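Chains A, B and C, in that order, give the protein sequences. Residue 565 in our numbering sits at position 560 of the first sequence, with consecutive numbering throughout. Residue 32 in our numbering sits at position 23 of the second sequence, with consecutive numbering throughout. Residue 133 in our numbering sits at position 152 of the third sequence, with consecutive numbering throughout. Beta carbons are placed, not taken as given, at the ideal position from N, Cα and C, and that holds for glycine. Owing to the predicted nature of the structure, the values given are computational and were not obtained by experimental measurement.
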Amino acid sequence: MSALAVVTAHSTIVLPHIRYLAILPEIVMLGGAVLLLGIASLVRRPLRVTVSTVGTIVIAGTSLGLALWQWADISSHGPYTAIDHAVVVDGFSVLITITVACAMILSALVGDGYLRREGVDGCEFHVLAMVSATGAMFMGEANDLIIVFLGLEIMSIALYVLAAMNHRRAASGEAALKYFVLGGFSSAVFIYGVALTYGATGTTNLTQIADFLSHNVIASNGVLLAGLSLLLVGFLFKVAAVPFHMWTPDVYQGAPSPVTGFMAAVAKAGGFAALLRVFVSSFGTLQSDWRPILYAVAVITLLFGAGVALVQRDVKRVLAYSSINHAGFVLLGVEAATAQGVSASLYYLFTYTFMTIGAFAVVTLLGRRGDGHHDIASYRGLAGRQPLLALAFAVLLLAQAGAPFTTGFLAKFQVVDASVNAGSVPLAVIAMVSAAIAAFFYLRIGLIMYTPVAGKGFLPGIEPLDDDEANAGPSGESETDGTGDAAPAELSAGNGQRPVWSGTEGAVVVRTQLNAELLLDTAPGEVQVLDPSEDIVEADAVDDETAAESAAEDTAKVPVPALAALAIGLCVAVTVVFGVIPAPLIDFAHKATLLFIP
Amino acid sequence: MSIPGDWYLILASALFALGAFGLLVRRNVLVMFMCIELMLNAANLTFVTFSRMLGDIGGQALVFFVLVVAAAEVVVGLGIVVAIFRRRSSATADDLHILKG
Amino acid sequence: MLHVAFLIPLFPLVGFVVLLTFGRRLGNPLAGWIGTIAVAGAFVATIITFAGLLGRPSNAREFTQSYFSWIPVGGLQVKWAVLVDPLSIFMCLFVTGVSMLIHLYSIGYMHEDRDYSKFFIYLNAFVFSMVLLVLANNLLVTFVGWEGVGVCSYWLVAFWFERDSAASAGKKAFMYNRIGDVGFLLAMFLIFSKVGSLNYLTIFSHTHLLGSATATAAVLLLFLAATGKSAQIPLFNWLPDAMEGPTPVSALIHAATMVTAGVYLLCRMNPILGLSSDGRWVIAIIGCATAFVAATIASSQHDIKKVLAFSTVSQIGYMVLAVGCGAYIAALFLMVCHAFYKGLLFLAAGSVIHGLEDEQELARMGALRKWLPWTFATFLVGWLAIAGIPPLAGFWSKGDVLANVYAKSFPLYVAGVITAFLTAYYMSRLFYLTFTGKARWQEAAGDQPAHHTPHESPWVMRIPLLVLAFCAFFGGVLDLPWTNRGLNNFLGPVFAGTLYHDNLSMTSQWVLLAIDGVIAVAGLAVAWVLWRVTASRPALTPAFLERVWYWDDFYDALIGRPGQAVARFSATVIDAKVIDGAVNGVASLVKSSSTGARRLQTGYVRNYALGIVLGLAAILVFMVSRTWWS
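Dropping the structure here:
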């Protein structure tokens, strides 16, 4: 009795001072999610989705507001670490928080229409997404490997469930299981890497690791390098870099479309945030060890992502491979391992969030009820049916391809610039080559959208591609109709004045036939289509769908809910406005990097 | 009798490799989960060993985080498995390959 | 009060956006009124800014207002900012003022057009771009405005694009302008590479960084840009064709404002021009040549708008000549007076065309004095003004230019005086053929039936005519030779170091003015004798002049046909065989390798895990190899 009293009197447990303001955006997000779960279960069914969406927007908006407040705070008072140096609040972490909060708001807008269309009336999508977002925010804010691990797991576990959310689709379950098994595997690899790093340096705190490495020259510490490799694998898995990418296409295709958009944006942002912080700042002194690895990974990621996307028929799969290609681009900035590289990567992540969520929002709408119409052929003639939707999609795809006057161009430009300045010129060249390859499949989708369905011309001057002719064979040659086809405009100047153009009797008209084989639009080939009628296990509305009805449905307009339209509009606006007026966002990313404390 | 710390590390790495190998060769989803658990516990063993070798209690505390995460993972994983394999006779991972290419 | 400067471009921009969004719904004539009000707002904002500028001492009338950073890439820092100084505000005043009047006129002129609201969308976009061009504080934003006016010009020239000739004229205008734009871009690159900034004030304070050869190159490149936009030799041919656009467009863009942008650019860059005497000689000679050549062509054209178009080319030639002589203020004085009387002449011509239901042939006009009294009266003022009859605006402004040229170079002066004579002659010819003689429109000619009785235009079209006629009459007071309180005083500080002073005595100035007056009257008299009654004198309109000195045919032979041959060769051989072959080859290569890579994606989760393990193994092997070798 007295002994116990002595023990309790003398060994007080010293708790670290917890500065709640440092993790307030996360607290709001996570607490809000739990609160929403409670509230939504009290609401009658039809209202649940509405309540969830509104609640999520309010919560994520608050979180965004708090992040902006943090930004103002650190802009004036400087960055700081908190909670026994386990988390760090600096420009870098705030930028990631803002990115994730934006992604959350946009996904909530997109998800609303999806849930109503699919008849899923619950708050699970929103709650799980918010939990996942919290994890990604923690990954950006972590200053300790164990916090990185926790953030990673909070983010991932929620994503596993989200991927499985539409239990009516068999693909959804398969995607979730694959994601889960491989995700669990990579997490185990990651935590083993943490353990080895802990053994080699005696700490898991990133700042202390950096201190340790700068004071102790351990060029050939096997344990440390093994730990480093394992950590790297864990991150590269999350950001979908080749060869750790293999889950990506399957999961992106199988998961419900709004989840895919969210996943693409948030998992990438979180994964790259932690990768950048751990490697560029903490393991910065070991650059010569990990930069060659990232170099090689970036090369194969860029080429593989762009190349394999070419031979895909499913638009979600195309976008999945394109996201792998994008991961390669962000790796360019990481590989550079300079302040410019970090700034470029952050800019890339921020702008990519809008491009990808916007693109997947369009895919969500075009998936129609059952979320199954993702074959590229069903996009044919979209511009004739829904010009605005097609235009928005085209803009987002062009941005992803890196067309000028969009943020996509600036993002690619900056990472390539950083890479060149860091001396990795061949890598930069490969990146640009891969962008050229990638442009093809983005443009292909665009072209198909603007190609009328056979027999229904709507664009003067573009002849509808004849299906039979297109199927007939490799029709890559161009056809030149010498002088006959289009008579040049003759200036009818009354007083005999002959304009220079009138001398050009017979302008050369070149009509290049579309290479139908590459378009994949009509090629029979090995077609792998997810016909909704096969997948829906408990189909209550869309069963017994004949092919004719399916074809008829393909050419019908898809409904565009107002909130989804708002989300797409926001994405396009951000992509274009900040592409034309680049200064604010570039400054933002630049400042975030200046406020970056290792 | 005292056993050198290195032996524990070697044991842990062996467990980790075993888990990874099991994941590659086994087809049953539940066994695959177990393999992942094995890998996580290899990491735990490593943490504890290093903690003792370094004389730092922090490493042992980390084990709790890993245990909690592992538990959460299993809960979710089993949920997914139940959802998918409700109608199937066996929980074989190879049955799932409609998504490919 | 200078802070309202941002409203000057903002008003037309808002007008543009509103019309773009709601234009069709607003319809006719509301869309037109909104466009007009937007430009009127810009005009008022300009006046307020101008008043603010006048309130400052004359050496402190320079004010930069930054809005936001646009491109912050390394050494290139470009901001959206306006430079308010006497030159930019002077330009803004007449640009917005004349634009406002022409917008008003267009409400009446375009009222029957199907694309009524579209017309005002383009017009507002044009005014925005033009104001941006003038107000920008750096070359890049000026270039944005420069391209903006170019594209609006293209849209408006090809406004009736169903007509092949209009579509073709639009293309022609666009391409000639592109050639000039290359000059602008190269000049911009050159200056940036030497000075490291595109900001005007920074460039002007670092002119010492430009060597004399570089300065000459920069001046010539800038002048190339100016020849494209301002229709000077060798790029002047597009302007007459641009008359395919609606007449208000011809008045606004192809007479009063846009075509003077080249002259503005040269004036703006006067510190660079000041570095290169050779460059200025080139400018002066080309300007003089253009003025003369265009005047000869104008005296033989048969289309009312074509005469005015060549007259515009000729008048801008005078401005360029003045710039080449360093007489920037004289150039700007002529620019504003020209905006008044040429805008007026075009609008009056538009009124004639409107009254005769789209008739433009001089051979089908005549004796319109009785039927179009308002148009006649205002056209009369414009005619006398451009002919240089004292005391109208043209007399003073052209006199100012010629006095400076006289002091600089006597041969150029002689060419200028001959051109002045031709100007008076061809304008009088135009006037007599249109308003006097027989009413030829009453007769059927060839397959065309006789016209109905012409009708006078509605009041929305007459008011701009009257206002411009007033300005064309009294415009001379802006800068009278015997006082120094007008433009000379206001614009002086902008050209402080580079302005040419003719130092002519008062007597010689009066003598020169007297010569100008006599020449103008002589031109009138000759035309009176020749054209008052007779409507056709083939001897005086030789094919050589009708066909624009065979300039188009020359370009056609030199560039058009060889270019076409190259294009045909590229299309049939290079594109079809080489490029398509390479493209298809690369495509099938990528496709086959991708199809192979795709096989890796088997769908089996254990294979995916194997991928991860192999990747991990590769990384570990790499790490181990490093520890061993290092």
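So, is residue 53(A) buried or exposed, given that buried needs 16 or more other C-beta atoms within 10 angstroms? buried
Taking only beta-carbon atoms, is residue 528(A) less than 8 Å away from chain B? For residue 528(A), the predicted structure reports a pLDDT of 40, less than 50, and the residue's modelled location is therefore unreliable. A value from the coordinates is still provided. Cβ-Cβ to chain B under 8 Å: no for residue 528(A).
Within 8 Å of any Cβ in chain B, is that where the Cβ of residue 48(C) sits? no
Coarse secondary structure for residue 340(C), derived from DSSP in three states: coil
In terms of residues, what are the limits of the alpha helix (DSSP H) holding residue 609(C)? 586 to 610
Beta-bridge partners of residue 63(C), as assigned by DSSP: 46(C) and 117(C)
Does residue 1(C) come out as helix, strand or coil in the three-state DSSP assignment? helix
How many angstroms separate the CA atom of residue 58(B) from the CA atom of residue 230(A)? 18 Å
Starting from residue 53(C), follow its DSSP beta bridges and name the residues at the other end. 58(C)
Residue 69(B) (DSSP reduced to helix, strand or coil): helix
I'd like to know whether the C-beta of residue 213(C) is nearer than 8 Å to at least one C-beta of chain A. no
Cβ of residue 607(C) less than 8 Å from any chain A Cβ? yes
Starting from residue 237(A), find everything on chain E with Cβ-Cβ shorter than 7 Å and list it in chain order. Given the protein chain composition of this structure (A, B and C), no chain E is represented.
Which class does residue 458(C) belong to by DSSP, given the choice of helix, strand or coil? helix
Contact list for residue 312(A) against chain C, beta-carbon separation under 8 Å: 571, 574, 575 and 578
Quick check: is the beta carbon of residue 52(A) nearer than 8 Å to any beta carbon in chain B? no
In this structure, does DSSP put residue 319(A) in helix, strand or coil? strand
Check whether the Cβ of residue 566(C) sits closer than 7 Å to any heavy atom of the ligand SAM, and report yes or no. Judged by which ligands are present, the structure shown has none, so any question about the ligand SAM falls away.
Residues within the region 319 to 346 of chain A neighbouring chain B, beta-carbon criterion of under 7 Å: none
Kindly indicate if chain C contains any beta-carbon less than 8 Å away from that of residue 629(A). Chain A is shown from 6 up to 603; residue 629(A) falls before or after that span and cannot be answered.
Does the Cβ of residue 579(C) have 16 or more other Cβ atoms within 10 Å, making it buried, or fewer, making it exposed? buried
Euclidean distance between Cα positions of residue 542(A) and residue 97(B): The pLDDT assigned to residue 542(A) is 38, lower than 50, so where the model puts this residue is not dependable, and the model offers no usable value.
Does any residue of chain A have a CB that is nearer than 8 Å to the CB of residue 81(B)? yes
Selection of the region 157 to 180 of chain A by Cβ proximity to chain B, strictly under 8 Å: 158, 162, 165, 166, 169, 172, 175, 176, 178, 179 and 180
Can you list, in chain order, the residues of the region 64 to 92 of chain C whose Cβ is nearer than 7 Å to any Cβ on chain A? none
Taking all protein chains shown into account, decide if residue 424(C) is buried (16 or more other Cβ within 10 angstroms of its Cβ) or exposed. exposed
State buried or exposed for residue 82(A), treating a residue as buried only when at least 16 other CB atoms are found within 10 Å of its CB. exposed
Partners in chain B for residue 584(C), counting only beta-carbon separations shorter than 8 Å: 105, 106, 107, 108, 109 and 110
One or two residues paired with residue 86(A) in a DSSP bridge: 93(A)
Rounding to the nearest angstrom, what Cα-Cα distance links residue 173(C) and residue 218(A) in this structure? 45 Å
8 Å Cβ cut-off: residues of chain C touching residue 294(A): 604 and 607
Using the Cα positions of residue 397(C) and residue 322(C), report the straight-line distance between them to the nearest angstrom. 19 Å
How big is the Cα-Cα spacing for residue 132(C) and residue 53(C)? 26 Å
Give the DSSP bridge partners of residue 101(B), in chain order. 37(B)
Would you say residue 152(A) and residue 72(A) are within 8 Å of each other, going by their C-beta atoms? no
With a threshold of 16 other CB atoms inside 10 Å of the CB of residue 430(A), please say whether the residue is buried or exposed. exposed
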